[in-house]
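Undergrad:
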Amino acid sequence: MSMAAKEMAWLSRLLEEIHVPFSPPAYLYCDNTAALHIASNSVFHERTNHIERDCHKVREYIEKGLIKTMYVRTGQQVADVLTKPLYPAPFRENIRKMGVHNIFTPSS
242 MSMAAKEMAW LSRLLEEIHV PFSPPAYLYC DNTAALHIAS NSVFHERTNH
292 IERDCHKVRE YIEKGLIKTM YVRTGQQVAD VLTKPLYPAP FRENIRKMGV
342 HNIFTPSS
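Using this note's numbering, the final residue of the sequence shown is 349, and nothing's skipped along the way.
(1) Residue 305 to residue 333, Cα distance in whole Å?
(2) Given that a residue counts as buried once 16 or more other Cβ atoms are within 10 Å of its Cβ, and exposed if not, what is residue 282?
(3) Can you confirm whether the segment 298-313 touches the segment 321-331 when touching is taken to mean that 3 or more C-beta pairs between the two stretches lie within less than 8 angstroms?
(4) Select from 296, 246, 316 and 335 the residue whose C-alpha is nearest the C-alpha of residue 266.
(5) Quick check on DSSP: helix, strand or coil for residue 346?
(6) Might you give, ordered along the chain, the residues of its own chain that have their beta carbon closer than 6 angstroms to the beta carbon of residue 270, omitting 5 neighbours on each side?
(7) With DSSP as the reference, identify every bridge partner of residue 298, one or two as the case may be.
(8) With distance defined between alpha-carbon atoms, name the residue in 348, 345, 319 and 347 nearest to residue 339.
In C-alpha coordinates, the structure reads:
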(Lines of atoms letter the chains of each structure in order from A; the text may use other names.)
(Lines give C-alpha, C1' and ligand atoms only; values in the text may rest on other atoms or scores of the structure.)
Protein backbone atom coordinates (compact mmCIF):
# COMPACT_ATOMS: atom_id res chain seq x y z
CA MET A 242 0.00 0.00 0.00
CA SER A 243 2.84 2.36 0.87
CA MET A 244 4.70 1.70 -2.38
CA ALA A 245 1.52 2.18 -4.43
CA ALA A 246 0.84 5.49 -2.67
CA LYS A 247 4.38 6.71 -3.36
CA GLU A 248 4.08 5.72 -7.01
CA MET A 249 0.75 7.55 -7.28
CA ALA A 250 2.38 10.68 -5.86
CA TRP A 251 5.26 10.35 -8.33
CA LEU A 252 2.90 9.79 -11.24
CA SER A 253 0.78 12.82 -10.33
CA ARG A 254 3.93 15.01 -10.25
CA LEU A 255 5.02 13.59 -13.61
CA LEU A 256 1.62 14.32 -15.16
CA GLU A 257 1.78 17.85 -13.78
CA GLU A 258 5.25 18.39 -15.29
CA ILE A 259 4.17 17.30 -18.75
CA HIS A 260 0.95 19.34 -18.48
CA VAL A 261 -1.47 16.41 -18.53
CA PRO A 262 -4.61 17.20 -16.55
CA PHE A 263 -5.02 15.11 -13.41
CA SER A 264 -7.63 15.75 -10.78
CA PRO A 265 -6.92 14.07 -7.45
CA PRO A 266 -7.72 11.96 -5.59
CA ALA A 267 -6.35 8.80 -7.16
CA TYR A 268 -8.13 5.75 -5.79
CA LEU A 269 -6.07 3.09 -4.02
CA TYR A 270 -8.02 -0.15 -3.67
CA CYS A 271 -7.08 -2.55 -0.88
CA ASP A 272 -8.60 -5.83 0.29
CA ASN A 273 -7.17 -5.57 3.81
CA THR A 274 -9.48 -3.71 6.20
CA ALA A 275 -6.81 -3.60 8.93
CA ALA A 276 -4.36 -1.86 6.57
CA LEU A 277 -7.04 0.64 5.52
CA HIS A 278 -7.87 1.40 9.16
CA ILE A 279 -4.22 1.84 10.14
CA ALA A 280 -3.59 4.11 7.14
CA SER A 281 -6.51 6.39 7.93
CA ASN A 282 -6.27 6.32 11.75
CA SER A 283 -3.77 8.70 13.33
CA VAL A 284 -3.54 6.67 16.55
CA PHE A 285 -0.91 3.94 16.54
CA HIS A 286 -0.95 1.02 18.90
CA GLU A 287 2.07 -0.93 20.18
CA ARG A 288 1.43 -3.62 17.57
CA THR A 289 1.88 -1.19 14.67
CA ASN A 290 5.11 0.54 15.69
CA HIS A 291 7.22 -1.27 13.09
CA ILE A 292 5.08 0.00 10.20
CA GLU A 293 4.65 3.55 11.43
CA ARG A 294 7.02 5.08 8.89
CA ASP A 295 5.24 3.61 5.86
CA CYS A 296 1.78 4.42 7.20
CA HIS A 297 2.81 7.99 7.99
CA LYS A 298 3.49 8.67 4.31
CA VAL A 299 0.22 7.03 3.20
CA ARG A 300 -1.71 9.05 5.79
CA GLU A 301 0.02 12.23 4.60
CA TYR A 302 -1.14 11.58 1.02
CA ILE A 303 -4.67 10.86 2.26
CA GLU A 304 -4.76 14.11 4.28
CA LYS A 305 -3.46 16.11 1.29
CA GLY A 306 -6.26 14.64 -0.81
CA LEU A 307 -3.83 13.07 -3.27
CA ILE A 308 -5.15 9.55 -2.71
CA LYS A 309 -8.33 8.02 -1.39
CA THR A 310 -8.31 4.49 -0.03
CA MET A 311 -11.19 2.21 -0.91
CA TYR A 312 -12.05 -1.31 0.22
CA VAL A 313 -12.47 -4.02 -2.39
CA ARG A 314 -13.34 -7.64 -1.64
CA THR A 315 -10.54 -10.12 -2.21
CA GLY A 316 -12.45 -11.87 -4.98
CA GLN A 317 -12.83 -8.59 -6.87
CA GLN A 318 -9.20 -7.45 -6.53
CA VAL A 319 -8.13 -7.00 -10.15
CA ALA A 320 -4.44 -6.63 -9.23
CA ASP A 321 -4.36 -10.29 -8.19
CA VAL A 322 -3.77 -11.24 -11.81
CA LEU A 323 -0.38 -9.51 -11.53
CA THR A 324 0.61 -10.86 -8.12
CA LYS A 325 -0.89 -14.32 -7.61
CA PRO A 326 -1.34 -17.54 -9.53
CA LEU A 327 -5.05 -17.79 -10.36
CA TYR A 328 -7.26 -20.51 -11.75
CA PRO A 329 -8.35 -19.90 -15.37
CA ALA A 330 -11.85 -18.57 -14.58
CA PRO A 331 -10.77 -15.83 -12.11
CA PHE A 332 -7.80 -15.05 -14.36
CA ARG A 333 -10.03 -14.47 -17.40
CA GLU A 334 -12.50 -12.43 -15.32
CA ASN A 335 -9.77 -10.13 -14.00
CA ILE A 336 -8.28 -9.73 -17.48
CA ARG A 337 -11.75 -8.79 -18.78
CA LYS A 338 -12.18 -6.22 -15.98
CA MET A 339 -8.83 -4.68 -16.90
CA GLY A 340 -9.92 -4.35 -20.52
CA VAL A 341 -7.12 -6.53 -21.89
CA HIS A 342 -7.87 -8.09 -25.26
CA ASN A 343 -6.13 -10.93 -27.06
CA ILE A 344 -4.76 -9.41 -30.26
CA PHE A 345 -4.48 -12.86 -31.81
CA THR A 346 -8.20 -13.62 -31.57
CA PRO A 347 -9.75 -13.57 -35.06
CA SER A 348 -12.09 -10.64 -35.59
CA SER A 349 -15.68 -11.43 -36.41
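All C-beta atoms, glycine included, are put in the ideal place defined by N, C-alpha and C.
TA: Considering the structure as presented:
(1) 36 angstroms
(2) exposed
(3) no
(4) 246
(5) coil
(6) 311 and 313
(7) Answer is none; residue 298 lacks a bridge partner.
(8) 319
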